[in-house]
Amino acid sequence: MDKKTKQSTYFYKLLLSLIAVSLVPIIIIGVIISNYVRKSYSDIMYNQALEASSVGTEKLNTMLEDYNTTINVLAENQKIIDVLSDENIENENLEVIYEEIYLVSPPSNCPLYILNSDRKVMFGTGKWNNEYNSKSNENWGIYRYLNEAKGENVIYNNRFVDSNKNEIIMSVGKSIIVEDKLIGYMIIDISKDTISSLIGNSNYNPLSNFVILDQLDNIIVDINNKNFEGKKFYNKYSTKELVTKESLNYRNGSGTKVEDDIKEKELNNILIKENLVFKSWKLVTELPLDILKDNNANIKSLISYGAVVSIILSASLAYFLARSIANPVEKLSLAMMKIEKGKLDTRVNINRRDEIGRLGDGFNHMALKLKAQMNNIVDKEKKIRENEIKLLQAQINPHFLYNSLDTIKWLAKLGENEKVADVAVDLGQILRNSIDIQEEYISIDESIDFLESYINIQKLRLGSKLSLDVKMEESILNEKIPKLILQPIVENSIIHGFELKEEYCKIIIVGYRSGDNIKIHIMDNGSGMDNSLIENIFKDKNTKSHIGLYNVDQRLKLYYGKDYGLEIESKKDHYTKVTINVPYKVKGD
Numbered sequence: 001m002d003k004k005t006k007q008s009t010y011f012y013k014l015l016l017s018l019i020a021v022s023l024v025p026i027i028i029i030g031v032i033i034s035n036y037v038r039k040s041y042s043d044i045m046y047n048q049a050l051e052a053s054s055v056g057t058e059k060l061n062t063m064l065e066d067y068n069t070t071i072n073v074l075a076e077n078q079k080i081i082d083v084l085s086d087e088n089i090e091n092e093n094l095e096v097i098y099e100e101i102y103l104v105s106p107p108s109n110c111p112l113y114i115l116n117s118d119r120k121v122m123f124g125t126g127k128w129n130n131e132y133n134s135k136s137n138e139n140w141g142i143y144r145y146l147n148e149a150k151g152e153n154v155i156y157n158n159r160f161v162d163s164n165k166n167e168i169i170m171s172v173g174k175s176i177i178v179e180d181k182l183i184g185y186m187i188i189d190i191s192k193d194t195i196s197s198l199i200g201n202s203n204y205n206p207l208s209n210f211v212i213l214d215q216l217d218n219i220i221v222d223i224n225n226k227n228f229e230g231k232k233f234y235n236k237y238s239t240k241e242l243v244t245k246e247s248l249n250y251r252n253g254s255g256t257k258v259e260d261d262i263k264e265k266e267l268n269n270i271l272i273k274e275n276l277v278f279k280s281w282k283l284v285t286e287l288p289l290d291i292l293k294d295n296n297a298n299i300k301s302l303i304s305y306g307a308v309v310s311i312i313l314s315a316s317l318a319y320f321l322a323r324s325i326a327n328p329v330e331k332l333s334l335a336m337m338k339i340e341k342g343k344l345d346t347r348v349n350i351n352r353r354d355e356i357g358r359l360g361d362g363f364n365h366m367a368l369k370l371k372a373q374m375n376n377i378v379d380k381e382k383k384i385r386e387n388e389i390k391l392l393q394a395q396i397n398p399h400f401l402y403n404s405l406d407t408i409k410w411l412a413k414l415g416e417n418e419k420v421a422d423v424a425v426d427l428g429q430i431l432r433n434s435i436d437i438q439e440e441y442i443s444i445d446e447s448i449d450f451l452e453s454y455i456n457i458q459k460l461r462l463g464s465k466l467s468l469d470v471k472m473e474e475s476i477l478n479e480k481i482p483k484l485i486l487q488p489i490v491e492n493s494i495i496h497g498f499e500l501k502e503e504y505c506k507i508i509i510v511g512y513r514s515g516d517n518i519k520i521h522i523m524d525n526g527s528g529m530d531n532s533l534i535e536n537i538f539k540d541k542n543t544k545s546h547i548g549l550y551n552v553d554q555r556l557k558l559y560y561g562k563d564y565g566l567e568i569e570s571k572k573d574h575y576t577k578v579t580i581n582v583p584y585k586v587k588g589d
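Take the sequence shown: its letter number 376 is residue 376 in our numbering, and every next letter is one higher.
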């Protein structure tokens, strides 16, 4: 995970959390509103269908009951009975009978006919139809129903076009029987236009359709689908689509029955069937469910659109809110990372008056105190290191001074006054370099000069058998190294390597750059050391016989770190090789 991703993790977690928190109520409210609106609309549709069914049934029943009443009243009219019993009638009586017919008939466009037993029209409020005059209809059609009813009112599927071009779809009538003798018939023809004008335009639910069925479930009238008239009911609808009025009323109490039926049976329509006055006939109110399905789809689309808009607004608000919270936290996180890398001057600028603002102020105060403490620690460590270095130098200087004075003592005893003077000059130069505390570092080239002065002093003791060969890369001659690094190592070679050696004593110094380091090898052909002695030199600071090597190694580690210092390679009675390892261009770069 890169730096940017790490910094953004908190922001994205906060953003997703805020979006999730805002989405939950949106989804819950959306579902509740959707279900409520859908159920409310369904309730309205179902209630309107129920109302339309009730109103349609009531209108039809009222019309049929009025016709029944008219037929019953006229069938008992004595004047009409007299006419039907004796066809001789005077014009005055004829007018009176017509007045009584119009008086008791309900206002409608449905013609009423009164026929004698020979099916001859005696009275009629409409133009006479030859349909009733045919001899072939004597024991068939409506006359058969009227005869079989024996004076009871009947309704008949009587489909024809009358003389006024009206499409007759049903007739209501009865046979007139007096003293068990058939004297005539009374018929009222009902046209489709009359039914359509009565129930076709429903103010309660304009989406509903009405279908009238006869006793054999033939479709007598289909207000919206004329093509199905005359066909069987089950040719148009599945019986599973029938829903009783009681079922819809029960639904208003439980809220589940019809919806469960619709879902379970995969209905396309809801059909409400109710009996008419003539109980063998029925009125079916049809409610197409497509409108409900389309409405539900529209509701879902509207809710979805609202949800999308709400989600976008919520996500935008959550983004700005998360960014306002996460930005100062990310600033603090970046600042802490810089502090971890040692950049103690890092500060954050968070202009807020809440907890995050106080956290930023606390961070700045902490960084300030941390820097002060670190500076104190660095100063203390620097002083400790300087004291340790001075202590090590103090251990080396008396040791070297003692050896040099010892040499002067022996020269004086031998009367070598000029040599004593030369030694004194070389010794003075070396001591000035050692005692000068203003400069801790000198160049490698200067170190070689001081080393040659030291060798000159030692040659007075050892004579011509001691030689020094120095080979340094020119690129490192001006590089700075701490004082008194080369001289103690060479001194260790002379004292411990050549002290008992009678033959030729040679010291070779080779220096070069190796990558980012400087390597200086000091090699001698002295008596050498075994491995146990080499290990003790680096482990035990109290090893008095090689204190110079130990001090140089410790000083280099104090100056440059634990990865630098001395490496010793030696073979007993053959040679010793001491390697100085220091970084390139540290002092003065």
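Built from N, CA and C at the ideal position, the CB exists for glycine as well.
Burial state of residue i, where buried means 16 or more other Cβ atoms lie within 10 Å
i: Lys282; result: buried
i: Ser254; result: Residue confidence for Ser254 is low, a pLDDT of 39 falling below 50, so the modelled location carries little weight and cannot support an answer.
i: Leu370; result: exposed
i: Ile479; result: The sequence shown places Glu at residue 479, not Ile. So Glu479 ends up on the buried side.
i: Asp553; result: buried
i: Asn235; result: exposed
i: Arg358; result: exposed
i: Ala326; result: buried
i: His365; result: exposed
i: Asp426; result: buried
i: Phe498; result: buried
i: Ala421; result: exposed
Residues near residue i in its chain [Cβ-Cβ closer than 6 Å; skip 5 each side]
i: Ile520; result: Gly511 and Ile580
i: Ser108; result: none
i: Gly200; result: Ile223
i: Leu533; result: none
i: Tyr504; result: Lys465
i: Gln215; result: Ser280
Distance CB(residue i)-CB(residue j) smaller than 8 Å
i: Ser85; j: Ile177; result: no
i: Tyr454; j: Ile481; result: no
i: Tyr584; j: Asp524; result: no
i: Leu344; j: Phe363; result: no
i: Leu460; j: Lys419; result: yes
i: Ile272; j: Leu50; result: yes
i: Ile190; j: Ile169; result: yes
i: Glu152; j: Lys192; result: no
i: Phe210; j: Thr285; result: yes
i: Arg159; j: Tyr143; result: no
i: Ser171; j: Ile188; result: yes
i: Leu23; j: Ala322; result: no
i: Ile476; j: Ile444; result: yes
i: Lys300; j: Ser34; result: yes
i: Leu198; j: Leu60; result: yes
i: Thr70; j: Ser105; result: yes
i: Ala367; j: Ile339; result: yes
i: Gln429; j: Leu451; result: no
i: Phe592; j: Ile97; result: Outside the modelled stretch of the chain, which goes from 1 to 589, sits residue 592, for which no answer is possible.
i: Ile489; j: Ser404; result: no
Per-residue DSSP class, three states only, for residue i
i: Ile299; result: helix
i: Glu567; result: strand
i: Phe123; result: strand
i: Pro482; result: strand
i: Phe278; result: coil
i: Tyr113; result: strand
i: Pro288; result: strand
i: Pro180; result: Note that residue 180 is Asp in the sequence shown here, rather than Pro. Reduced to three states, the DSSP call for Asp180 is coil.
i: Leu213; result: strand
i: Ala583; result: Per the sequence shown, residue 583 should be read as Pro rather than Ala. DSSP places Pro583 in strand when its eight states are reduced to three.
i: Ile188; result: strand
i: Phe498; result: coil
i: Gly173; result: strand
i: Thr346; result: coil
Close beta carbons around residue i, own chain, < 7 Å, minus the five adjacent residues each side
i: Asp530; result: Lys572
i: Lys232; result: Asp217 and Asn218
Proximal residues to residue i (C-beta, below 8 Å), its chain only, five neighbours per side dropped
i: Glu567; result: Val578, Thr579 and Asn581
i: Tyr575; result: Met523, Asp524, Asn525, Gly526 and Gly528
i: Ile27; result: Ala307
i: Lys127; result: Pro111, Asp162, Ser163 and Asn164
Contact test: residue i Cβ vs the ligand HEM heavy atom, cutoff 7 Å
i: Gly357; result: The ligand HEM is not part of the structure shown, which contains no ligands of any sort.
Minimum length 3: unbroken beta strand (DSSP E) runs contained in the segment 505–557: 505–514 and 517–524
Those runs of the alpha helix (DSSP H) which lie wholly inside the segment 32–95 and span at least 4 residues: 78–85
Every unbroken alpha helix (DSSP H) inside the segment 438–471 [4 residues or more]: 444–462
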